[in-house]
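Novice: Here it is: the structure, laid out below.
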Amino acid sequence: MSERQAPSKSEVMSYLRERRNWGRWGDMGSAGAINLIDAPKRLEAVSLVKNGRTVSLSRPFPVEPRTENPRPAQHFMSVMERPHGGGAAMDYYGVYYHGTATTHIDALCHVWDSGGMWDGKSPDEILTFSGGTYATVDAWSDGILTRGVMLDVPRHRGYPYVTLDTPVHGWELEDIAKAQGVEIRPGDAVMVYSGREAYAADNGGNWAGGDSRPGLHASCLKFVRDNDISILGWDMMDASPNEYDIPWTVHGVIFAYGVALLDNSLLEPLANACAEECRHEFMLTINPLNVIGGTGSPVNPIAVF
Numbered sequence: 047m048s049e050r051q052a053p054s055k056s057e058v059m060s061y062l063r064e065r066r067n068w069g070r071w072g073d074m075g076s077a078g079a080i081n082l083i084d085a086p087k088r089l090e091a092v093s094l095v096k097n098g099r100t101v102s103l104s105r106p107f108p109v110e111p112r113t114e115n116p117r118p119a120q121h122f123m124s125v126m127e128r129p130h131g132g133g134a135a136m137d138y139y140g141v142y143y144h145g146t147a148t149t150h151i152d153a154l155c156h157v158w159d160s161g162g163m164w165d166g167k168s169p170d171e172i173l174t175f176s177g178g179t180y181a182t183v184d185a186w187s188d189g190i191l192t193r194g195v196m197l198d199v200p201r202h203r204g205y206p207y208v209t210l211d212t213p214v215h216g217w218e219l220e221d222i223a224k225a226q227g228v229e230i231r232p233g234d235a236v237m238v239y240s241g242r243e244a245y246a247a248d249n250g251g252n253w254a255g256g257d258s259r260p261g262l263h264a265s266c267l268k269f270v271r272d273n274d275i276s277i278l279g280w281d282m283m284d285a286s287p288n289e290y291d292i293p294w295t296v297h298g299v300i301f302a303y304g305v306a307l308l309d310n311s312l313l314e315p316l317a318n319a320c321a322e323e324c325r326h327e328f329m330l331t332i333n334p335l336n337v338i339g340g341t342g343s344p345v346n347p348i349a350v351f
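According to the numbering used here, the sequence shown is numbered sequentially starting from 47.
Below, the structure is given as structure tokens:
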């Protein structure tokens, strides 16, 4: 296969079957590729902090219904009085966070295909009404701190956003890293910016609807595995529909490689900050909610320069 030619279905299936990380981390397998973030990796990330500038990668809590937000989050307020003229405000949050609106991290029990779940587990054995029993988000309850790398697709292409006809390919991510002068290292969290806000502005305010959305091509599976990254963050997700008649393309990094996904990241401010700072690496912190058995968690990731 030429590096500039989309892989065949058999090649994509080989990425998902023959290059699995199943069993790689033994008794620590529930945490998946986050195991690549050891103490030296965290210290490497800390060493990148030079001026203390922080950038949030989280979108606002999505309470407004939209095409890409068919199940809006809930935010209700209550106000109570206290004796002697005081008072208190309290609120309720409710969110069905998986999907295309809320910034969240996917645990490794979130998706699977006909070959099984992460680490060869069966969903029938792992998933219960009250939560999962393996590869759940509480495996990361100590928090995640690692080196983050931004790959800016629009700036590289000279076009404001990725389209349905121009998905992001794995070899393009390699080209972008080289052009930006940044090396991808094991355990890195790689953020792929595709121009979601600009795309939505030109498409009725929405970036995804039904089964159709721009994003990353299945060829990016090889990029993720070759570079041994721990987390893939993106503003757009898998390009959909895919031409391979498989349930998951790039989301397959979850059950094949044990890689966490940072879905619906807000990456335009980070891309701008990287351009202003003249560097594409930073310290990244992600602190999921400690939900026992959870399939993921809403998060507010922070990049620190």
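Glycine included, C-beta positions come from ideal geometry on N, C-alpha and C.
Since the model is a prediction, treat every value here as computed from it, not as a measurement.
Should the region 182-190 be regarded as contacting the region 73-92, the criterion being three or more beta carbon pairs within less than 8 Å?
Specialist: Yes, the region 182-190 touches the region 73-92.
Novice: For Val199, count neighbouring C-beta atoms within 10 Å of its own C-beta (all shown protein chains included) and say buried if the count is 16 or more, exposed if not.
Specialist: Answer is buried; the Cβ neighbour count reaches 16.
Novice: Does the region 85-99 come close enough to the region 123-134 that 3 or more CB-CB pairs lie under 8 Å?
Specialist: Verdict: no, contact absent.
Novice: Closest by CA to Leu197, which one among Asp234, Gly166, Val337?
Specialist: Per the Cα distances, Asp234.
Novice: Starting from the C-beta of Ala119, find all residues in its chain whose C-beta is less than 6 Å away, skip the five residues before and the five after it, and write them out in chain order.
Specialist: Excluding positions up to five away in sequence, the list reads Phe107, Pro108, Val109, Val141.
Novice: Helix, strand or coil for Trp280 per DSSP?
Specialist: The answer is strand: DSSP assigns Trp280 an E or B state.
Novice: Whole angstroms is fine: what's the gap from Asn81's alpha carbon to Val228's?
Specialist: When rounded, the distance between both Cα atoms is 23 Å.
Novice: Which value, in whole angstroms, describes the spacing of the CA atoms of Tyr138 and Ala285?
Specialist: If you take the alpha carbons of Tyr138 and Ala285, they lie about 34 Å apart.
Novice: Quick one, which of Ser240, Thr209, Asn67 has its alpha-carbon nearest Ile222's?
Specialist: Here the closest residue by C-alpha is Ser240.
Novice: Among the residues of its own chain, which have a CB less than 6 Å from the CB of Arg88, if the five just before and after it don't count?
Specialist: Leu191, listed in sequence order.
Novice: By how many angstroms is the C-alpha of His202 removed from the C-alpha of Cys320?
Specialist: Between Cys320 and His202, the C-alpha separation is close to 13 Å.
Novice: What do you get for Glu127, buried or exposed, if any count of 16 or more other CB atoms within 10 angstroms of its CB means buried?
Specialist: Exposed.
Novice: Buried or exposed for Met136, please, with buried defined as at least 16 other CB atoms from any protein chain shown within 10 angstroms of its CB.
Specialist: Under this definition Met136 is an exposed residue.
Novice: Let's test the definition: count the other Cβ atoms within 10 Å of the Cβ of Ser48 and tell me whether it reaches 16, buried, or not, exposed.
Specialist: Reliability of the predicted coordinates at Ser48 is poor, the pLDDT of 40 falling under 50, and the value obtained from them is presented with this limitation in mind. The residue is exposed, with fewer than 16 neighbouring Cβ atoms inside 10 Å.
Novice: Any idea what DSSP makes of Val208, helix, strand or coil?
Specialist: The answer is coil: DSSP assigns Val208 none of H, G, I, E or B.
Novice: Is it buried or exposed for Thr331, if we count other Cβ within 10 angstroms and need 16 for buried?
Specialist: With 16 or more Cβ atoms within 10 Å of its Cβ, Thr331 is classed as buried.
Novice: Got a sec, what are the start and stop residues for the alpha helix (DSSP H) His121 sits in?
Specialist: Careful: His121 lies outside any alpha helix (DSSP H), inside the beta strand (DSSP E) at 120-128.
Novice: Hey, quick one: how far does the alpha helix (DSSP H) through Gly216 stretch, first residue to last?
Specialist: From DSSP, the alpha helix (DSSP H) with Gly216 extends over 216-226.
Novice: State buried or exposed for Ala153, treating a residue as buried only when at least 16 other CB atoms are found within 10 Å of its CB.
Specialist: Ala153 should be labelled buried.
Novice: What span of residues does the beta strand (DSSP E) with Arg193 cover, start to end?
Specialist: Taken as a continuous stretch (DSSP letters only), the beta strand (DSSP E) holding Arg193 covers 190-198.
Novice: Give me the Cα-Cα distance between Val236 and Glu171, rounded to the nearest whole angstrom.
Specialist: Roughly 32 Å between the two C-alpha positions.
Novice: Nearest CA to the CA of Pro260: which residue from Leu62, Glu323, Val208?
Specialist: The option with the nearest alpha carbon to Pro260 is Val208.
Novice: My understanding is that Glu114 touches Ala147, with C-beta atoms under 8 Å, so please give their C-beta distance in whole angstroms.
Specialist: That pair is a contact at about 6 Å.
Novice: What would DSSP say about Asn273, mapped onto helix, strand or coil?
Specialist: Residue state, collapsed to three classes: helix.
Novice: To the nearest angstrom, how far is the alpha carbon of Leu267 from that of Asp257?
Specialist: Whole-angstrom Cα-Cα distance: 20 Å.
Novice: Please name the residue, chosen from Phe301, Asn346, Glu57, Thr341, that lies closest to Gly161 on a Cα-to-Cα basis.
Specialist: Out of Phe301, Asn346, Glu57, Thr341, Phe301 has the C-alpha closest to the C-alpha of Gly161.
Novice: In three-state DSSP terms, what is Ile300?
Specialist: Helix at Ile300.
Novice: Can you name the start and end residues of the beta strand (DSSP E) that Ile151 belongs to?
Specialist: Unbroken beta strand (DSSP E) run through Ile151: 150-152.
Novice: Going by other Cβ atoms of all chains shown within 10 Å of its Cβ, with 16 needed for buried, is Ser93 buried or exposed?
Specialist: That one is exposed.
Novice: Closest by CA to Asn336, which one among Asp165, Ser54, Gly189?
Specialist: Closest option to Asn336, Cα to Cα, is Gly189.
Novice: Would you kindly work out how many angstroms separate the C-alpha atoms of Arg112 and Pro86, rounded to a whole number?
Specialist: Near 43 Å, if we compare the C-alpha coordinates of Pro86 and Arg112.
Novice: Straight-line CA distance for Asn252 to Tyr245?
Specialist: One C-alpha to the other measures close to 8 Å.
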